[in-house]
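> Residue numbers (the UniProt record's numbering): 1 to 748.
Glycine residues also receive a C-beta, built at the ideal position from the N, C-alpha and C atoms.
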C-alpha cells in the first residue's frame, strides 16, 4: 500500500472532456473512465496522503470508492510512493521494477561495491560508471565485487575466485571490450558455479587457441586481441551496473546470476549462456564426485514415458531436451550448437548435427580442420526426436572423453589375473591382422586401425568395470574405455570406440540402448563379412505413415529402398535398411542399422539411420553426377563403385518376413526388457559388463556396455561368432576362411 501516491514520471495524463482521461507513456496508453478517477488524478502530487485524498474527495465519493480507485491505479502499475529525495530518473527506474526507491537507496548503502579493473585508468572509468548509476563504493571492504577484465580466462582471476569462494562474497564479471561485450556471470558462492567451473567450459570451446597453445608450448589459451568501441564499452558498463543494482536491491537477479549475457549492439541482439556448477570442481565442489569407475549399481524399475515412439524411454524427447539444453552454447556449453540438416523439415530426413564431436581434440592444424568438420548427429521420426538425439549423442561422446577423473590402476595382465580382460577379448583382431598391422594402418582409414598386441607383463592403466553376469568387479585398459586417452610412450595397444556407448533417460535406459548397439553391430558384422543373403521385411504390415512418407520421398528421388532381417542366433531382431539410386551413373548405396527386442522399433531405427546419411548423396548435378557432401575416401569409394549386381548380399532373398512373425516385446518395464536382452546374450555364452560414464557436471546417464565375443562391424577377424554363427544358423555349409571374408571393410 502506498502512503503518498504519485503518478509515475513516465506517464502523462490527458483529459478527454466528458469521458475521462488517457494515460500515455513512451510505449503504452491507458484509458481511465469514471468521474472519481478524473477528480483523483490532479491530487496525485506526492504531497497528499491516501487519507488526504479521501478527505478532499469526500463531497463526491465515499472513502471505500476512493480507496478502491487508488488500489486500481496502484495494481495497474501507474503509481509509486512519493520520495522527495529521489531524482525523477531514480524514482522512475525503481518504480518500474516495483521497488520503493527509498528502500532501494538504503539497500545500496548497506551493500557497497568494490570495483576491480586491469589498470588504474580502466578502474577510474568503471568507478565513475558505478557511482553515476547509484552504487555505493568501498574499494577496501566492498561486499560485492565488480570485476572488469579483457579476457574471461585471465589467470589473475584464479586467486580472486579462490578468495571470494572462501569468503562467500558475490562478484560480477564483465568484459566491456570487443564487438560482443560480455556481462556476467554473477558468481554467488554456494549457489552458482565458480570461475574455475567457467574456465573449464571456456577452454573446451577454444579449440583453435588450445591447438596454438600446444604448438607454442604455453599454458592456457593465448590472449585474444582487445578491440574497443567506446559506444559498446559504455553499453556494457551501463548494463553491468544496472543489473548489479537490481541484484543488490531485490536480492536476486536471474538475468545475470550464473548467466553470461553476450551483447550484440550491431544487431540489437542479446544471447545468454548458462554457467553450470561442476560438482567435481576442485575449487567449489568435491573432486571425488567426478570419479568414474565400475562401482556396482542395481537396476531400478523404470516405466516407459507416454508418447515415446522410437523405443522404450523413461522421458519423452521433449522432456529430455528441456532438461539438458543448457549444455548447448558456444561459450559455456559442451555442445557448440544444434543445427538441422539442409533437408530437415521438408523431407522424412529429420536429422540434426551437434557442434564439434568432442571425442577427440586436435593436436595440429590438420587435426583441427578434421575436428571442426566432425560432428555428432541425431535422427528421428520427428524434428524433436532428431534434435534430442543429436544433443544426447554429443553429451554421450563428451562423457566418454578422458578427463583425468577416471579411476586408474597401473598393473599388468599377470598381476590382475582373471579379473582383467585382455583388450583383444573385446577388439577381436586376428593373428594375421596383428602381423599385417603396418599394412592395415598405412591405408589411412580412420576406422580400420590395428593396434599393437598387449603383452602379458606390460604395465598399463586399468579402470574397473562391473560384470553384470558374474556380479563382480573386473578391469579393462583405461585406453579402451575413454576417448583421447594419452597413451604413455605412444604405445598403442587399444583404443576407445563408440560401440556399446549409449546415453539414456535413465541408467537402465542407457544400458538397454548400449546393449542393443552391440547386438546390432554384431548382426551387421556377421551378415556383411560373410555376405549372407537375408530375407526382406514386409513393411506393409507396419501400417505406418512414416514408412509411407519414406517410400514417396525415395520414389521422388528415383531411389528404391528395402529392409533386410539380419537377426542372428541371439534372437534379438536386427535389421539393415538399404536404398540405392536408379538410373544414374552411380548407385550411391546408403545403409542404416537397427536392433531391438521390439521388431518395429528396430526397423524404425534402421530406416531413420539410413535417412541420417542421405544428405551426403542427395545433391545431383544437371549431368546426373552426384555432388557428395562427405570426402571420406572409404565412403566415396563405396558410393561410386558398389552396385546391387556386384554386392548381391544387399538384395533380399527368400520369403519376406512379416511383422507378425516376430515375438511381441516382453511385458513389463524398461528394466524387464533390459534383463531379457542380457539373458539372450548370456545364453549365447557371452558375459555382459558395463561402466557408468555419467559425468557429475552433465547429469545425462551414459554407459559403455561390453559383451566379449560379440563382433564390432569394423574389420576385426579373430575366430569366433564371425565364422561360426552363419553355419550354426544354416546360412553357410562351412565357415569361411579369413581371406574369404568381404574385402570391403565396413566404413560407417
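1. Could you say which of 605, 196, 483, 341 lies nearest to residue 629 if we only look at CA atoms?
2. Can you say whether residue 11 is buried or exposed, counting buried as having 16 or more other CB atoms within 10 angstroms of its CB?
3. Helix or strand or just coil, what does DSSP make of residue 447?
4. According to DSSP, is residue 291 part of a helix, a strand, or is it coil?
5. State the start and end residues of the unbroken alpha helix (DSSP H) segment that holds residue 406.
6. With DSSP collapsed to three states, give me the class of residue 514.
7. So is residue 740 buried or exposed if we call it buried at 16+ other beta carbons inside 10 Å?
8. Mind checking whether residue 379 and residue 339 have CB atoms under 7 Å apart?
9. Would you kindly work out how many angstroms separate the C-alpha atoms of residue 655 and residue 289, rounded to a whole number?
10. Could you name the residues of the same chain whose beta carbon sits closer than 7 Å to that of residue 307, not counting the 5 residues immediately before and after it, in chain order?
11. Buried or exposed for residue 610, please, with buried defined as at least 16 other CB atoms from any protein chain shown within 10 angstroms of its CB.
12. Using the three-state DSSP reduction, which class does residue 205 fall into: helix, strand or coil?
13. Kindly list the residues whose CB is nearer than 7 Å to the CB of residue 227, restricted to its own chain and excluding five residues on each side of it in sequence; keep chain order.
14. How many Å lie between residue 332 and residue 249 at the Cα?
15. For residue 770, tell me which candidate among 242, 183, 354, 624 has the shortest Cα-Cα distance.
16. Looking at C-alpha atoms only, which residue of 480, 175, 334 is the closest neighbour of residue 123?
17. Can you tell me where the alpha helix (DSSP H) holding residue 121 begins and where it ends?
18. Would residue 89 and residue 102 qualify as a contact pair, given that the criterion is a beta-carbon distance under 7 Å?
19. Within the continuous alpha helix (DSSP H) that includes residue 545, where are the two ends?
20. Report buried or exposed for residue 232, applying the criterion of at least 16 other Cβ atoms within 10 angstroms of its Cβ.
21. Tell me which residues share the same chain as residue 67 and place their Cβ nearer than 8 Å to its Cβ, disregarding the 5 neighbours each side in the sequence.
22. Return the CA-CA distance between residue 191 and residue 282, expressed in angstroms with no decimal places.
23. Under 7 Å between the Cβ atoms of residue 477 and residue 462?
24. Select from 619, 157, 2, 715 the residue whose C-alpha is nearest the C-alpha of residue 343.
25. Would you call the stretch 443-453 in contact with the stretch 498-511, where contact means no fewer than 3 C-beta pairs closer than 8 Å?
26. For residue 175, which residues does DSSP report across the bridge?
27. Among 401, 583, 556, 595, which has the Cα closest to the Cα of residue 575?
28. I'd like to confirm the pairing. Which residues does DSSP put opposite residue 33 in its beta bridges?
29. Figure out for me which residue from 503, 36, 260 has the closest Cα to the Cα of residue 396.
30. Using DSSP with H/G/I as helix, E/B as strand and the rest coil, what is residue 454?
31. Using a Cβ-Cβ cutoff of less than 6 Å, which residues in the same chain neighbour residue 749 once the five nearest sequence positions on both sides are dropped?
32. Which partner residues does residue 260 have in the DSSP bridge list?
33. Can you find the residues in the same chain that come closer than 7 Å, C-beta to C-beta, to residue 566, ignoring five residues on each side of it along the sequence?
34. Excluding the five sequence neighbours on either side, which residues of its own chain have a C-beta within less than 8 Å of the C-beta of residue 131, listed in chain order?
35. Who does residue 469 pair with in a DSSP beta bridge?
36. Is the separation between the beta-carbon of residue 591 and that of residue 349 shorter than 7 Å?
Based on what the coordinates show:
1. 341
2. buried
3. coil
4. coil
5. From DSSP, residue 406 is part of no alpha helix (DSSP H); its letter is neither H nor E.
6. helix
7. exposed
8. no
9. 55 Å
10. Confidence at residue 307 is low in this model, with a pLDDT of 46, below 50, so the placement of that residue is unreliable and no value is reported for it.
11. Burial call: buried.
12. coil
13. 177, 178, 179
14. Answer to the nearest angstrom: the Cα atoms are 28 Å apart.
15. A question about residue 770 goes unanswered here, because the residues of the chain that appear run from 1 up to 748.
16. 175
17. 120-133
18. For residue 89 and residue 102, no; Cβs fall outside 7 Å.
19. 545-556
20. buried
21. So the list reads 50, 54, once near-sequence residues are dropped.
22. 16 Å
23. yes
24. The shortest C-alpha separation from residue 343 is found at 619.
25. no
26. Partner(s): 182.
27. 595
28. 20
29. Ranking the options by Cα distance to residue 396, first place goes to 503.
30. coil
31. No information on residue 749 is available, as it lies outside the stretch 1 to 748 that the chain covers here.
32. According to DSSP, which records beta bridges pairwise, residue 260 is partnered with 273.
33. 523, 524, 527, 534, 574, 575, 576
34. 137
35. According to DSSP, which records beta bridges pairwise, residue 469 is partnered with nothing at all.
36. In this structure, residue 349 does not lie closer than 7 Å to residue 591 by Cβ.
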